[in-house]
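Structure first, then comments.
Residue numbers (our numbering), protein chains in the order written: chain A, -9 to 187; chain B, 38 to 465.
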């Protein structure tokens, strides 16, 4: 029973109030209200950054992608059919931008670096270590698993919403997230012998 | 028989059929080991959420987005000023009527100030058509030039110091003589608001700060072995220095007793480097090449050039983004928030590579059949490219990938330059 409740709480309830507020915001933006667009950026920049940071695994690139997402959104408000779906529309733009980046990145070799000012630190604090461990474990996940996992866990979209966003079935979303959870457990808890068999 | 991790995860996500779900649920209720494993999966989810939702890393991009939208759609932001348009038009008409008779009013064109290493001059051109407007002798081997809006003057780096030139009258108003020759590849950076000029001295292994108004030395500090290219953040808090002896990038914290931090030290053969800062001052781009590829122009000589992107805050670096070896590299310039430009030239061909700041990959080649050496940022969407070997200056329109004009002259060597926007000269 305890675990079933946890399943529900992770997905989160549909927030009708938020959707109404988003619809109002879109109406104001479409009428040329610049302050409304700033309010939209303020509202969504942090959650979008969280998703993108986990997805692309890089703070600076996530920051660039957040900017690109809002710029694309500003130019494309005409294509937003249902203003109440603003949130998922923004995430879809962000996700597409991130996928483009990852496609380009396959051609480039990325090397992590260490720096003097880091090596001078006596020790990284616990939260910094956890951040690195989580990022490294997420990086091990295939992109097609990482995206639904983060959209569900971090962005709080329900399975059906993720399915609509990624244009796959809800069953496929559940299976990909399950696989992502299992793969993350292996990568993140590598020191633990998790299989009990 | 215990379920595996994937089955436990599928249980959480409702990916099991009814029978599997009931069986697994029954097992977990009676098996403390599997109950703990299930809890670890939930703990992972909480850990991912907590880590990625930490607010301390979340940026506030409002100012950057606003700035980029303004650049892309200037008209949308000008509506507010429409109520002032009538008053401004009346004021302009009044000034024209009064000033045109006295000769004290008129349009000053956009100008390009260029150093001429062959003749030791600072030359001024009309940026619209390349017409030569004037020149002033500044001293031996002038290379870099910076424009100070606050004092309306230019600073020119010469072989043994710096001269300050009034941009309106083209007269030298001040001079600083270095104790020794600055050395090839000395760099210069201007902190306009703070009134400081920073000069790197590769031969002396240090950087000197000057008071911009008087050109008197304030401080000298050592950085690396042969500090060359400089870049300063807009807030004048961080000075970046490329050490051509080691190929390392240094960051000087000007607000903290000039504390130096070495950010990149690859310890390889690359000894020429160029720096460019993003408009918001949050990112610095480093282009590293090898001396042999830049100076000798030998096909295939030296190591493969590489681009790096380094976060000003935190120092995280990304790279290397590898570039073609040939034609040799000559310069790096930030065009706008989305693009960098790299000059290439082997004496015959090269052109200007346009590089995306997000992907750090080449997105366009301007004029590859003509070699170029140094780049100067022009009005939005344009770049000036200088070729000291053939004595040409070319104005490119980057959006249309076209040549607006090219002025040739065999009698000079245009080396570096700065664009100064024109305006109206008023009678008061």
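Where a beta carbon is used, it is the ideal one built from N, C-alpha and C, also for glycine.
Each of 443/B, 208/B, 400/B, 417/B was checked against the Cα of residue 409/B, and the nearest Cα belongs to 443/B.
In this structure, residue 389/B sits near residue 422/B, with a CB-CB distance shorter than 8 Å. In this structure, DSSP gives residue 42/B a helical state, which the three-state scheme calls helix.
In the same chain as residue 161/B, and ignoring 5 residues on each side of it, the C-beta atoms closer than 6 Å to its own belong to 148, 150, 170, 171, in chain order. Those residues of the stretch 259 to 274 of chain B placed with their C-beta closer than 7 Å to a C-beta in chain A do not exist.
Taking the beta carbon of residue 179/A as reference, the chain B residues within 7 Å of it are 77, listed in sequence order. Within the stretch 368 to 406 of chain B, the beta strand (DSSP E) runs of at least 3 residues that lie entirely inside it are, in chain order, 376 to 382, 387 to 393, 399 to 403. Between residue 147/A and residue 58/B, the alpha-carbon positions lie close to 23 Å from each other.
At a Cβ-Cβ threshold of 8 Å, residue 400/B and residue 413/B do not count as neighbours. Pairing residue 12/A with residue 42/B, the inter-Cα distance amounts to about 39 Å. Along the stretch 138 to 150 of chain A, going in chain order, the ones with a CB nearer than 7 Å to a CB of chain B are 143, 144. Interface annotation, residue 54/A: in contact with chain B, CB-CB separation under 8 Å.
Contact check for residue 397/B and residue 358/B: beta-carbon distance about 4 Å, within the 8 Å limit, so the pair qualifies.
DSSP, reduced to helix, strand and coil, places residue 98/B outside both helices and strands of the structure shown, so it counts as coil. In this structure, the straight-line span from the alpha carbon of residue 181/B to that of residue 21/A is close to 48 Å. Contact annotation: residue 39/A and residue 62/A have beta-carbon atoms that are not nearer than 8 Å. In the DSSP secondary-structure assignment, residue 226/B is bridged to 235/B.
Chain A places no beta carbon closer than 8 Å to that of residue 341/B, leaving this residue out of the contacts. Distance from the Cα of residue 136/A is smallest, within the candidate group 46/A, 79/A, 68/A, 19/A, for 46/A. Secondary structure note for residue 411/B: it is in no alpha helix (DSSP H), and the uninterrupted beta strand (DSSP E) holding it is 411 to 414. Between residue 84/B and residue 120/A a beta carbon distance of about 7 Å is seen, short of the 8 Å cut, so the two are scored as contacting. Assignment of residue 70/B by DSSP, reduced to helix, strand and coil, places it in the helix class. Selection 189/B, 346/B, 308/B, 205/B evaluated against residue 48/A yields 346/B as nearest (Cα-Cα). Residue 117/A sits exposed, since fewer than 16 C-beta atoms from the chains shown fall within 10 Å of its C-beta. Under the 8 Å criterion on CB atoms, residue 321/B is classed as non-interfacial with respect to chain A. Taking the C-beta atoms as reference points, residue 152/B is found nearer than 8 Å to residue 193/B. Annotation: Cβ neighbours of residue 96/B in chain A (cutoff 8 Å, chain order): 35, 39, 53, 56.
Between residue 269/B and the set 237/B, 426/B, 56/B, the nearest pair of CA atoms involves 237/B. Assigned with DSSP and collapsed to three states, residue 433/B falls in strand.
Rounded to whole angstroms, the separation of the alpha carbons of residue 198/B and residue 294/B is 25 Å. The same chain holds no residue with a CB closer than 8 Å to that of residue 351/B once the five nearest residues on each side in sequence are set aside.
Taking 8 Å as the cut-off, the Cβ atoms of residue 90/B and residue 56/A do not count as close. Minimum Cα-Cα distance from residue 254/B among the listed residues 242/B, 234/B, 282/B corresponds to 234/B. Listed along chain B are 353, 355, each with a C-beta nearer than 9 Å to that of residue 48/A. Chain A has no Cβ within less than 8 Å of the Cβ of residue 231/B. Following the DSSP letters along the chain, one finds residue 125/A inside the alpha helix (DSSP H) bounded by residues 116 to 129.
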